[in-house]
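Take a look at the structure below.
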C-alpha cells in the first residue's frame, strides 16, 4: 500500500530533481553575481577598482548599441578564423607528409617539440619588428599556435592507423591515394579534431594577448585601451564576452563535431579489439 | 588479435659498450635537425644581406647570450621567470587541489561548477591583465595573479575529474572496514586522483608559461618576456632571438625533466586504480 502511495508523488518529485539538476550549473554564476553586488554595496570601492554590476551591464549595452562591440568581435573572430584555417590546412598537410614517413618524423620531432614550446605569444616581439603591428601579426601568431598542435596530433593520428587496415585495402586493389582518403584520413580524423579543438583554445588566448599590444582593433585592444582610461566596466565586459565566445566555440561547435567524428570513425581500434 | 597499434620495433638488448654508443648517437640525432636549422638560418642571413635590425647571424646571438650571461643579467631574467612559474605552480596546487576535492566529493557541486570552471578557462588569464594592473600596478604581484589564475583552473578541474573517477566501492570498502573520512582521502581519493592532478598540472604549466611570458611583456618588471619585448624597442634582434631560444629550452627542460616524469611516475604507481 505504502508503495502505491509513494508512486504518484514520484514523477513530480523526479521532475523537480531533474529541473534542479539542470539548473545547478547556473548557481555559481548567480553566487558570484550576488557576492559582487554585496561586496560593492558594503565596501563601495571606487568605480575604477571595481565597478558595480549595473555599470558593467550598461557598458555591455552601450558597446553593443554603438556597434563597437560587433566591430571588435568581428575583427577578433575574423583573425581567429583566418589564422586557424591556415593553421589547420598547413598542419594537417604537413602532419600527413611527416606521419607517413617514420624516418622523417623521427628526424623532425625535436624541431616540432622546440617550436611548439615557443609557439604563439613568444613570437610577438620578433614579428612586430618584422611585419609591424596589425592584423597580419595576430593572424601569424594564431597560425603559429594552431599549426604545431594540429601538426603533432595529425602525425600521431596517422601513425596510429593500424597498418593492417591500409594493407588490406591496398590488397583489394585500391590506389595509394584512395587508401589515404578512405583509410588513413578517417582513421586519423579523431586525433586531428582533438588537435584542432585544443589548438583553437590556445589560439584564442594567443589572439587576445597579441591584440593587447599588437593590433588596432579587436577585443584585446578594446580592453587594453579601456585600461588607459581606467574603465574597469569595459574591461570586465570584455573579459565576459571573451569567455562567452570561447565557450560557444568549444562547447557548441567543436565538441559536438569531435564527438560525432569519434563516434563515426573512432571505432577502428575498438573493432580490432573485439576479434 | 591485438594488432590495433603497429608495434614498435622491440629494443634488443645491446652490449653495454654499444648501448652507450647508441645513446650518444641518439643524442646527436636530436641535434642534427637543429644544426641543419642553424645552417639554413646562417645561409639566409648571408645570402640576403639583411641589416642587423632585421636578422642577425647565429654567431651574433650566441655572443649576445654569452655577454648577457657573463654580466649576470641573463641569470636574473631566467630566475625571475622560473621563480614566478614555480611559486605559481606551488600556490595553485596548494589551493587548487583542496578545492578540487571539495567539488569532486559532491555530485551537485561537481555538476554546478563544471560549466563555471570551463567559462573561467575560456577567459584567458591575460585578458584580466588590464584589470589586475589597475588593482596591483606594474608589479610582480600582478604577474603572479595572472599566472596563478591560468594555472589553477586546469588543476581544480582535473582534481575534480580525478576524484569523481575513483570507483565508489573502493571508498565503501574502506569505510565498512572502519576507516575515517581522513583515511579515505589519504588512502583512496588522493592516490586515485593523483594521475589526473598531474595531468592538470602539465596542462596548466603549458597555459601558465605562455601567460607568464605575455604578462612579463606588459608588466615590464623583469623576466624573459620583458627581455625579448624590451629588446624590441631598441631593435636588438639578437636579444629577441636569444631570448626565444631560452624560453623554448627552459620550457622543454621543465616539461621533460620535471612534469612528464612526474606524470609517468604517478600513472605507473597509481594509474591502475582508474581501470
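Residue numbers (this note's numbering), protein chains in the order written: chain H, 4 to 278; chain R, 439 to 713.
Glycine residues also receive a C-beta, built at the ideal position from the N, C-alpha and C atoms.
query	result
Distance, residue 479 of chain R Cα to residue 466 of chain R Cα	20 angstroms
Contacts that residue 512 of chain R makes with chain H (C-beta to C-beta distance below 9 angstroms)	Those do not exist, as residue 512 of chain R stays about 17 angstroms from chain H at its closest Cβ, beyond 9 angstroms.
Burial state of residue 128 of chain H, where buried means 16 or more other Cβ atoms lie within 10 Å	buried
Neighbourhood of residue 563 of chain R by C-beta distance below 6 angstroms, restricted to the same chain and skipping five residues each side	584, 587, 588 and 649
Amino acids of chain H, ordered along the chain, whose beta-carbon sits closer than 7 angstroms to that of residue 685 of chain R	121 and 125
Where the alpha helix (DSSP H) containing residue 96 of chain H begins and where it ends	71-103
Backbone CA spacing between residue 593 of chain R and residue 222 of chain H [nearest angstrom]	27 angstroms
Length of the line joining the Cα atoms of residue 496 of chain R and residue 135 of chain H	23 angstroms
Residue range of the unbroken alpha helix (DSSP H) whose run includes residue 623 of chain R	Here residue 623 of chain R belongs to no alpha helix (DSSP H), and DSSP marks it neither H nor E.
is_contact[residue 177 of chain H, chain R] using C-beta, thresh 8 angstroms	no
Contacting positions in the stretch 612-639 of chain R - beta carbon closer than 9 angstroms to chain H	none
Beta carbon of residue 123 of chain H nearer than 8 angstroms to that of residue 157 of chain H	no
DSSP state of residue 121 of chain H mapped onto helix, strand, coil	coil
C-beta neighbour in chain H for residue 472 of chain R, strict 8 angstroms	yes
Residue 632 of chain R and residue 704 of chain R closer than 8 angstroms at C-beta	yes
Partners in chain H for residue 669 of chain R, counting only beta-carbon separations shorter than 8 angstroms	128
Cutoff 6 angstroms; reference residue 173 of chain H; Cβ partners in own chain excluding five residues on either side	182
Bounding residues of the alpha helix (DSSP H) (the contiguous stretch that carries residue 609 of chain R)	606-614
Unbroken alpha helix (DSSP H) run spanning residue 187 of chain H, endpoints	Where residue 187 of chain H is concerned, there is no enclosing alpha helix (DSSP H), given that its DSSP letter is neither H nor E.
Outcome for residue 147 of chain H when other beta-carbon atoms lying within 10 angstroms are tallied against a minimum of 16	buried
Cβ of residue 39 of chain H within 8 angstroms of any chain R Cβ	no
Partners in chain R for residue 238 of chain H, counting only beta-carbon separations shorter than 7 angstroms	568 and 569
Residue-level contact to chain H via CB, residue 520 of chain R, 8 angstroms cutoff	no
The stretch 107-118 of chain H: positions lying closer than 8 angstroms to chain R by Cβ	109, 110, 111, 113, 114, 116, 117 and 118
Spatial neighbours of residue 676 of chain R in its chain, beta-carbon cut-off 7 angstroms, leaving aside the 5 residues before and after	494, 498, 499 and 502
Chain H contact for residue 573 of chain R (CB, 8 angstroms cutoff)	yes
Within chain H, the residues that residue 652 of chain R reaches when beta carbons sit closer than 7 angstroms	124 and 212
Coarse secondary structure for residue 708 of chain R, derived from DSSP in three states	helix
Interface flag, residue 270 of chain H vs chain R, CB-CB below 8 angstroms	Because residue 270 of chain H carries a pLDDT of 48, less than 50, the predicted location of this residue cannot be relied on, and the following value inherits that uncertainty. Output row for residue 270 of chain H: interface = no.
CB contact flag (residue 539 of chain R, residue 604 of chain R, <8 angstroms)	no
Partners in chain R for residue 138 of chain H, counting only beta-carbon separations shorter than 8 angstroms	Going along chain R, no residue has its Cβ under 8 angstroms from residue 138 of chain H, so there is no contact; the nearest lies around 19 angstroms.
Residue-chain proximity (residue 720 of chain R, chain H), Cβ-Cβ < 8 angstroms	Past the boundaries of the shown model lies residue 720 of chain R; chain R is included only from 439 to 713, so the question cannot be answered.
Test: residue 241 of chain H CB closer than 8 angstroms to a CB of chain R	yes
Own chain, CB closer than 7 angstroms to residue 651 of chain R, minus 5 neighbours either side, in chain order	662, 663 and 685
Where residue 510 of chain R sits in the DSSP three-state scheme	coil
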